[in-house]
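K.L.:
One structure coming up, written as structure tokens, with questions to follow.
Chains as they are written, first to last, in our numbering: chain H, 41 to 138; chain X, 41 to 583.
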């Protein structure tokens, strides 16, 4: 599957395209198939996201999992600061990245 | 230390106002990202993995308590309560919001700081010896020269769009504590026939093509130093490649032209420049130098120290250096606790270091390229009280220059260029070698870790270097041996096939075990490696 990610223009937060909006959580990302160029152009023009790009991911029981480790780090947060990730209460969250 | 004059302050304030306008236009949609990106980068604002990242310049690594406290304030108010001290004597914040960036720059400007030229193809922050003005072995204080170079290079119209970024280091002792020969220009202040001048080394650097800068001039009179630097830059700006960013650094130009031909062209340019009268006026040199006069040392201060506390004794032995003034010491605060993140400090720790600088070090701090903090002028009679306060705050690891005092770039945990994580490796190595007795038995051992070929973690210059690579989507680590950033500058060589995370830590243990077995007398790891050679280490690692 293909999902779209970028950074929020104002905050810089990592965001994922949900089909109608942007979410901080990769679990909310939807498969955009080959339609990613149009979505990215429109969303960048409306300034809701900065530098969007499409990536490969696989659907798992926990939702989409980006194919590349770099995007998994982006999705969770720095593995060396669990307190700053999106799942600070889950000590094993970093395993999902690796 | 230097204080802004009205021109400095006006330039920085004007830049803040200009950037505030640019940010407003970006947020309003009047600038595209393609238009805005070069503008934000000129103000040190990157877009990294998780957010915007702001790199703040700390000129030649020197700052006072008020400035340090402002860095803590920014961490607390605008970021996530910490900052990351870098291998270029700067600080980075990883969680900046675009809408906050102008206010942050205004806060910085209020204490004579900025983020200008911390990115882009321009002359970056001038780096220097972190012990400048305090070291017993320096022939002059390099900071006035670093400051003159800072002023000359700030907004230099001819050098704002160089083929690639450009880094300059200035030192003033034979011992190189600033990786001087691994800079685009390395300057060593020297005396010749009683006159102060400088040796010039040009064309060094790390990155994907590491090179040691060759010496191109053994003496440039001090009052012509700027003109000579300008001549070096002019030749580079004219002939440096702009068609291929991987071949655009000056090291490639010097290498391809050859040192002799590059030097010939520089000398020709220099001869021309001397006719233009571009050297800074003598009064300006004198004005700047006055800011770097020695503080009011107590000339009756005693060298006696009560070392009966064994932990304090270890810290003094490992983390203090000889000072030029009797009764004083240079104290190094290690930002490398066991399991810690090299170079990271919380806002509370930053505040404390500011307080301690004011209380014990004539209001001065330095940031080292090894990602530690220096209090340059501490009276020996104050060392115990200082150490106790550092220890309470987790800032007293006694590991300066030992294997756990590693350099590590932010790596894949933060950096969009990285291929592998660096920090977890540094943490695990610090845990494997946590025993201080074992570390001290190994002695001086410079371990440097980069998460990609760009080498922000200086892996080429590590006695032991580690380079993280992406191997079919998996993190893999290459082990390198034999590098040095000191006066015996050398480039490390790759041992062989890479390892996973645990494997490379095991390999490090193997090479340190071999070192202990082969060591003769007082040899450091690097000395034994150079004597024994790579083959023995490869054999031990790979069989």
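The beta-carbon is built from N, C-alpha and C at its ideal position, and this holds for glycine as well.
To the nearest whole angstrom, what separates the beta carbons of residue 42 (chain X) and residue 331 (chain X), a pair I think is in contact under 8 angstroms?
P.N.:
About 5 angstroms; that satisfies the 8 angstroms criterion.
K.L.:
Does DSSP classify residue 472 (chain X) as helix, strand or coil?
P.N.:
helix
K.L.:
Taking the beta carbon of residue 251 (chain X) as the centre, do at least 16 other beta carbons fall within 10 Å, making it buried, or is it exposed?
P.N.:
buried
K.L.:
With DSSP collapsed to three states, give me the class of residue 552 (chain X).
P.N.:
helix
K.L.:
So with Cβ pairs under 8 angstroms, would you call residue 545 (chain X) a contact of chain H?
P.N.:
no
K.L.:
Pick out whichever of X:485, X:210, X:352 has its Cα sitting closest to the Cα of residue 432 (chain X).
P.N.:
Looking only at X:485, X:210, X:352, the smallest Cα-Cα distance to residue 432 (chain X) is reached by X:352.
K.L.:
Check whether the Cβ of residue 118 (chain H) lies closer than 8 angstroms to any Cβ atom in chain X.
P.N.:
yes
K.L.:
Using the three-state DSSP reduction, which class does residue 53 (chain H) fall into: helix, strand or coil?
P.N.:
coil
K.L.:
My output table needs one value for residue 514 (chain X): the three-state DSSP class, helix, strand or coil.
P.N.:
It is a strand residue.
K.L.:
Identify whether residue 154 (chain X) lies in helix, strand or coil by the three-state DSSP scheme.
P.N.:
When DSSP states are grouped into helix, strand and coil, residue 154 (chain X) belongs to the coil group.
K.L.:
Find out if the Cβ-Cβ distance for the pair residue 96 (chain X), residue 155 (chain X) is shorter than 8 angstroms.
P.N.:
yes
K.L.:
Are the beta-carbon atoms belonging to residue 92 (chain H) and residue 98 (chain H) less than 8 angstroms from one another?
P.N.:
The answer is no: Cβ separation not under 8 angstroms.
K.L.:
Which residues does DSSP pair with residue 121 (chain H) in a beta bridge?
P.N.:
Bridge partners of residue 121 (chain H): none, in fact.
K.L.:
What runs of the alpha helix (DSSP H), each 4 residues or longer, lie entirely inside the segment 318 to 386 of chain X?
P.N.:
322 to 330, 350 to 359
K.L.:
Answer with buried or exposed for residue 231 (chain X), where buried requires no fewer than 16 other C-beta atoms within 10 angstroms of its C-beta.
P.N.:
Exposed, by the Cβ-count rule.
K.L.:
DSSP puts residue 504 (chain X) in a beta bridge; with which residues?
P.N.:
X:487, X:521
K.L.:
If I follow the unbroken beta strand (DSSP E) through residue 144 (chain H), where does it start and stop?
P.N.:
In the structure displayed, chain H extends from 41 to 138; residue 144 (chain H) sits before or after that span and is not available.
K.L.:
If we count the other Cβ atoms within 10 Å of its Cβ and call it buried at 16 or more, is residue 135 (chain H) buried or exposed?
P.N.:
exposed
K.L.:
Helix, strand or coil for residue 258 (chain X)? Go by DSSP, reduced to three states.
P.N.:
It is a strand residue.
K.L.:
Would DSSP call residue 252 (chain X) helix, strand or coil?
P.N.:
coil
K.L.:
When you compare the CB positions of residue 240 (chain X) and residue 272 (chain X), do they come within less than 8 angstroms of one another, or not?
P.N.:
Yes.
K.L.:
Would residue 169 (chain X) pass as a contact of residue 217 (chain X) if the rule is Cβ separation under 8 angstroms?
P.N.:
yes
K.L.:
DSSP three-state call for residue 41 (chain H): helix, strand or coil?
P.N.:
coil
K.L.:
On the DSSP letters alone, give me the boundaries of the beta strand (DSSP E) that residue 235 (chain X) sits inside.
P.N.:
235 to 242 is the extent of the beta strand (DSSP E) around residue 235 (chain X).
K.L.:
Check whether the segment 49 to 62 of chain X touches the segment 94 to 114 of chain X, taking contact to mean three or more Cβ pairs, one atom from each stretch, closer than 8 angstroms.
P.N.:
no
K.L.:
Taking C-beta to C-beta, are residue 27 (chain X) and residue 376 (chain X) nearer than 8 angstroms?
P.N.:
Residue 27 (chain X) lies beyond the range of chain X shown here (41 to 583); nothing can be said about it.
K.L.:
Counting only beta-carbon atoms, is residue 328 (chain X) nearer than 8 angstroms to chain H?
P.N.:
no
K.L.:
At a Cβ cut of 9 angstroms, what residues of the segment 142 to 166 of chain X count as close to chain H, listed as they run along the chain?
P.N.:
Listed by position along the chain: nothing, the set is empty.
K.L.:
At which residues does the beta strand (DSSP E) containing residue 132 (chain X) begin and terminate?
P.N.:
Counting along the chain, the beta strand (DSSP E) containing residue 132 (chain X) begins and ends at 131 to 136.
K.L.:
Taking only beta carbons into account, state which residues of the segment 47 to 62 of chain H come closer than 8 angstroms to chain X, listed in chain order.
P.N.:
Those residues of the segment 47 to 62 of chain H placed with their C-beta closer than 8 angstroms to a C-beta in chain X are 47, 49, 50, 51, 52, 53, 54, ordered along the chain.
K.L.:
Which residues in the same chain have their Cβ closer than 6 angstroms to the Cβ of residue 569 (chain X), if we skip the five residues on either side of it in sequence?
P.N.:
521, 522
K.L.:
Excluding five sequence neighbours on each side, which residues of the same chain lie with their C-beta closer than 8 angstroms to the C-beta of residue 69 (chain H)?
P.N.:
43, 44, 45, 56, 57, 58, 63, 97, 103, 104
K.L.:
Distance check for residue 200 (chain X) and residue 529 (chain X), CA to CA, integer angstroms please.
P.N.:
30 angstroms
K.L.:
Is the segment 386 to 395 of chain X touching the segment 107 to 116 of chain X, taking contact as three or more C-beta pairs under 8 angstroms?
P.N.:
Flag = yes, the segment 386 to 395 of chain X and the segment 107 to 116 of chain X touch.
K.L.:
Just reading off the beta strand (DSSP E) that residue 183 (chain X) is part of, what are its end residues?
P.N.:
Not the beta strand (DSSP E): residue 183 (chain X) falls in the alpha helix (DSSP H), residues 183 to 193.
K.L.:
Which residues of chain H have a Cβ atom closer than 7 angstroms to the Cβ of residue 469 (chain X), listed in chain order?
P.N.:
In chain order: nothing, as chain H lies at least about 13 angstroms away.
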